[in-house]
Each structure stands twice: as structure tokens, then as C-alpha cells.
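Taking my numbering, the leading residue of the sequence shown gets 19, the next gets one more, and so forth.
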Amino acid sequence: MQQALELALDRAEYVIESARQRPPKRKYLSGGRKSVFQKLYDLYIEECEKEPEVKKLRRNVNLLEKLVMQETLSCLVVNLYPGNEGYSLMLRGKNGSDSETIRLPYEEGELLEYLDAEELPPILVDLLEKSQVNIFHCGCVIAEIRDYRQSSNMKSPGYQSRHILLRPTMQTLICDVHSITSDNHKWTQEDKLLLESQLILATAEPLCLDPSITVTCTANRLLYNKQKMNTRPMKRCFKRYSRSSLNRQQDLSHCPPPPQLKLLDFLQKRKERKAGQHYDLKISKAGNCVDMWKRNPCNLAIPSEVDVEKYAKVEKSIKSDDSQPTVWPAHDIKDDYVFECEAGNQYQKTKLTILQSLGDPLYYGKIQPCKDDEESDSQTSPSQ
């Protein structure tokens, strides 16, 4: 199973790379009208056949923008204004001029969430159907996002533009079915189901029913490449610095903190107060600095007298009583050693006896002058 999965993953990578370099051409029915997906695929093949102006760059990108420019397709314009100005929606009239229809603050971000997911908002279906210009393309809507937040006013046109394709969802299809069947004619339940099935067939993308696991791996890889920067942790990070979040933080900064967070508020103000303090610390060049230790003379005069008794400690010595002989406990003699040394013309011998007490595991040593009669009975060791 593991080997089959690895082969399927390798096959999926090969299929994706082959489609990028040499996309196969599709055959369409003669006389039929091409959908927006077919037009995008034909434009993709056309751009792949062209040589890039700069190596390591691809031309088969921004296909939706190129298609809009070639065929002058009508779009839904979404303006993103800086600061607290919010965002607005614009539709083009018959005379070619754009008119602003809806303007909302960033706190109402439901429409922005649909745009981020590239889905058609159900609340805009009725508004788009009443537009003077047909804005639907095979059930989809092309939206032009004009971002005025990152552009300077000195530049023309003063915004950054990009296009996205808003696809219909099951919710929008249900709204379409309800809108169509709400006339004076009587629609049975079977008629409504048939209408819904036809709408799904007309708006759904081509479906591959090949049971091979390679198809699943290819679809998962394409979806991952498309959504790898659109995960939940990334969205939470982006929302933290969104305009609505910044406005909420600004409003809460003027409110008194709750009693449970008094310590946190004190620490935060203390941190800000310390961050605002600046210290003018300058390191002077060599030769320009003044050594304060050298300027202050040290008084190290020798005292005339010292009270020794004040600081000295006297320890009483233990006097040994030589009149009484040393009594050794019962012991067991382990080893005897005799050492001799030459001091001038005289030889001196010393006997070392190693003892072990019968009731104590420790060893003791006894050193005494050695006599000639004891030397023959002991183990000797030559002097080193």
C-alpha cells in the first residue's frame, strides 16, 4: 500500500509538471459557445507557447486579467479604501460609467470573506441580476479588486488592481431556483429538482471519475498549491492586523480596564514608560576620557600599631601525657615494614606496623625505632 501511494504521488507530480510545460490542446464542439473556463484554458495554452521575456519567469500567469483586457468583459468592482473609509461595490451602467452601489465599513466583513474564498455572495445575487449590464459569465462573476491602501496618491491610477473569479455555490443555486420558480406558474417538486440539476450541470466544472488514486493525489496537490497560504493560522494572523481589529483595539484603549486586569494594565503602562526613557550614553575616544580612579589618590599608609589580640584567635593545644603508656585496642597485625636511612656515618632504622582493630574496619599505623633483634623477624623494604 505504501509503495502504491508513493508511485501515485510521483505520477501526480509528473502530470502537473507536464501540464505546465506542455499543456494538451482540447477539442470543442463546432459552433458551440465557449465558456469562461474554456477561454481561460485556451489563453493558458497560448501563453505557454510564447517565449518568456526574461528567463526563469512564466507568461502563463494573470490569465483572468488578460482575458478581461482582450474581450472587455464586464466586472464587479470592489474598492478597498485606506483607514476607516471602508469598502464599496461599483457596477457599470449602459453608458460605460461606474456607479457606487454599496459602501460598508470594514467591521461588516461578510462580503470580504466571500471574496477571499472566491465564492459568489448570495446577498448580491438580486443586486447583480438587476444590473444594467450582464455581469454573469457561465454563472460566475468576475470581480476587480482595487486596493487604494498600499498605493501612493502621487501615482496613477492610484490603486493596485487584480481580478478574481467568483464561482456559484449551492446556496446561490438554491436562490436562483427560488427566484425562477417564484412566478405565477405552478412548479412541481420534480420540476424544481430538474431545474436545479440543469443549473448544476451548466455551472459545474468538468468532473473526472477515474478511480485511480493518482487523480486524487493530483487534485490534492493542486488544491494545496492554491490554498497553502490561506490556512486558518494565517487567517488569524492577518485578522489581528486588519482595520476592524485595529479599530477595536483603539476603542478599547480609551476604556478603563476591568478590575480583573488591573495588574496587567499596570505592567503594560510601566513597560511603555520605560520604553519612552532615553539615556544619552556616549563612549569617548581614546585619550579624551578622564580616569576618575587615578584622580582620587589612595591612602595606603602603614598603621603604627595593630591590636593583634582584637583580631587573633587562640586555640588551646592538647597536651599529651607521656607518663602513661599508650593503650592500643585489641588488634590484628597485618604487615610490618622496616625502613633504614644513612645520616652521616650512622644508620637509622624505623619499624612501621600496620594494625587493624578487631571491632573496627579501619587500619592504624605504629612507627617506632627498630632494634636489631626485631629486624630478622619482620618484612623489610629498601629505602628509596
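Yeah, the Cβ is synthetic: ideal placement off N, Cα and C, and Gly gets one too.
All values derive from a computational prediction rather than experimental measurement.
R258 and R180 have their alpha carbons spaced roughly 24 Å apart. Relative to the Cα of H196, the nearest Cα in the group L82, D144, L240 belongs to D144. Taking 8 Å as the cut-off, the beta carbon of V54 is found no closer than this to the beta carbon of E162.
Here L82 is buried, its C-beta having at least 16 other C-beta atoms within 10 Å.
Counting along the chain, no alpha helix (DSSP H) covers M108; the unbroken beta strand (DSSP E) around it starts and ends at 105-110. One alpha carbon belongs to G383, the other to N363, and they sit about 29 Å apart. Ranking C93, Y46, E65, E214 by CA distance to the CA of R164 puts C93 first. I385 has its alpha-carbon roughly 17 Å from the corresponding atom of Y365. In the displayed model, K369 falls within a strand according to three-state DSSP. Inter-segment contact for the region 113-132 and the region 197-204 is absent: fewer than three beta-carbon pairs are separated by less than 8 Å. A Cβ-Cβ contact shorter than 8 Å links R239 with A30. Rounded to whole angstroms, the Cβ separation of Y355 and L373 is 12 Å, and the two are not in contact under 8 Å. Assigned with DSSP and collapsed to three states, S117 falls in strand. Per DSSP, L219 is one residue of the alpha helix (DSSP H) stretching across 207-221.
Residue pairing from DSSP leaves E333 without any beta-bridge partner.
Taking a C-beta distance under 8 Å as the contact criterion, L183 and E136 qualify as a contact pair.
Between E358 and K367, the C-beta gap is smaller than 8 Å, which places the two residues in contact.
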